[in-house]
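Visitor: The structure under discussion is supplied below as structure tokens; questions concerning it will follow.
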């Protein structure tokens, strides 16, 4: 009886060990991570000492994630398995806006937080669309990005300008790499529009 109990205990421990090893193996399995990069924007013809703060965009819970959304139809939203963005969608968009404005060298400071008590202007954003939509052929998708941008003057908390930006790009297929490339193309287009508009509103263009 003692021998049988010892053998049973050894088998149980061995199985537990196997489960633990399997769990570790699953945890270390590769996860594809994609990142959107800001394109270099044209240098501004004028410079200003203004400080611009890029606030984190507001969005819905469905978009406030690092998962890649694809919509098979207007009423359903799904996420691609085993793949992630490098950050949540709002953080990525904040970073793209910041880097795009920085590359113009038009303002002395662009950041997520003010250097002192406050900045000169704040960019307030609502992210409305950030997804791939499956086309009717089922073999390609259209990436759609949409955001409302408001430029606020910190001195009197007045909205000095507001605009909705839209961008889209077609994917070559529904493969993850093709979808990520379409997201990247749409984001670059949207950032070009956003950067030009912001500098124009500040009198830099």
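Numbering (the working numbering), first residue to last: 844 to 1048.
Backbone N, C-alpha and C define an ideal beta-carbon position, used for all residues, glycine too.
A quick note: this is a predicted structure, and the numbers were derived from the prediction, not measured.
Can at least three beta-carbon pairs, one atom from the stretch 912-927 and one from the stretch 936-945, be found at a separation below 8 Å?
Guide: As far as the Cβ criterion goes, the stretch 912-927 does not touch the stretch 936-945, which means the pair count is below three.
Visitor: Checking 8 Å against the spacing of the C-beta atoms, do residue 1008 and residue 1036 come in under that value?
Guide: Sequence index remark: in the chain shown, residue 1008 carries index 165 (1-based). Sequence index remark: in the chain shown, residue 1036 carries index 193 (1-based). Yes, Cβ-Cβ distance for residue 1008 and residue 1036 is below 8 Å.
Visitor: Between which two residues does the alpha helix (DSSP H) harbouring residue 943 extend?
Guide: Taking the chain shown and counting its residues from 1, one reaches residue 943 at position 100. Per DSSP, residue 943 belongs to the alpha helix (DSSP H) from 932-947.
Visitor: Look at residue 907 and residue 933 and say whether their C-beta atoms are less than 8 Å apart.
Guide: Within the chain shown, the letter at position 64 stands for residue 907. Within the chain shown, the letter at position 90 stands for residue 933. It is a contact, given that the beta carbons lie within the stated cut-off.
Visitor: Which residues does DSSP list as the beta-bridge partners of residue 1025?
Guide: Taking the first residue of the chain shown as position 1, residue 1025 is located at position 182. The partner list for residue 1025 (beta bridge, DSSP) is empty, contrary to what the question assumes.
Visitor: Residue 1035 by DSSP, collapsed to three states: which one?
Guide: For the purposes of this step, residue 1035 is taken as residue 192 along the chain shown, with counting starting at 1. Correct three-state label for residue 1035: helix.
Visitor: Given a threshold of 16 other Cβ atoms within 10 Å of its Cβ, counted over all protein chains shown, does residue 1029 qualify as buried or as exposed?
Guide: Within the chain shown, the letter at position 186 stands for residue 1029. Residue 1029 comes out buried.
Visitor: Mapping DSSP to helix, strand and coil, what is residue 1016?
Guide: On the chain shown, residue 1016 is found 173 positions in, with the first residue counted as 1. Residue 1016: coil per DSSP, three-state reduction.
Visitor: Using the three-state DSSP reduction, which class does residue 1030 fall into: helix, strand or coil?
Guide: Within the chain shown, residue 1030 is the residue found at index 187, counting from 1. Note: residue 1030 maps to helix in three-state DSSP.
Visitor: Residue range of the beta strand (DSSP E) that residue 954 falls in?
Guide: As a working mapping, residue 954 is identified with position 111 in the chain shown. Taken as a continuous stretch (DSSP letters only), the beta strand (DSSP E) holding residue 954 covers 950-954.
Visitor: Excluding the 5 residues preceding and the 5 following residue 878 in the sequence, name in chain order all residues of the same chain whose CB lies nearer than 6 Å to its CB.
Guide: Walking along the chain shown from the start, residue 878 turns up at place 35. The residues are 929.
Visitor: How long is the line joining the alpha carbons of residue 954 and residue 891, rounded to whole angstroms?
Guide: As a working mapping, residue 954 is identified with position 111 in the chain shown. As a working mapping, residue 891 is identified with position 48 in the chain shown. Going by the C-alpha atoms only, they are around 15 Å apart.
Visitor: Relative to the alpha-carbon of residue 991, which residue among 983, 1026, 973 has its alpha-carbon at the smallest distance?
Guide: By 1-based counting over the chain shown, the position of residue 991 is 148. Ranking the options by Cα distance to residue 991, first place goes to 973.
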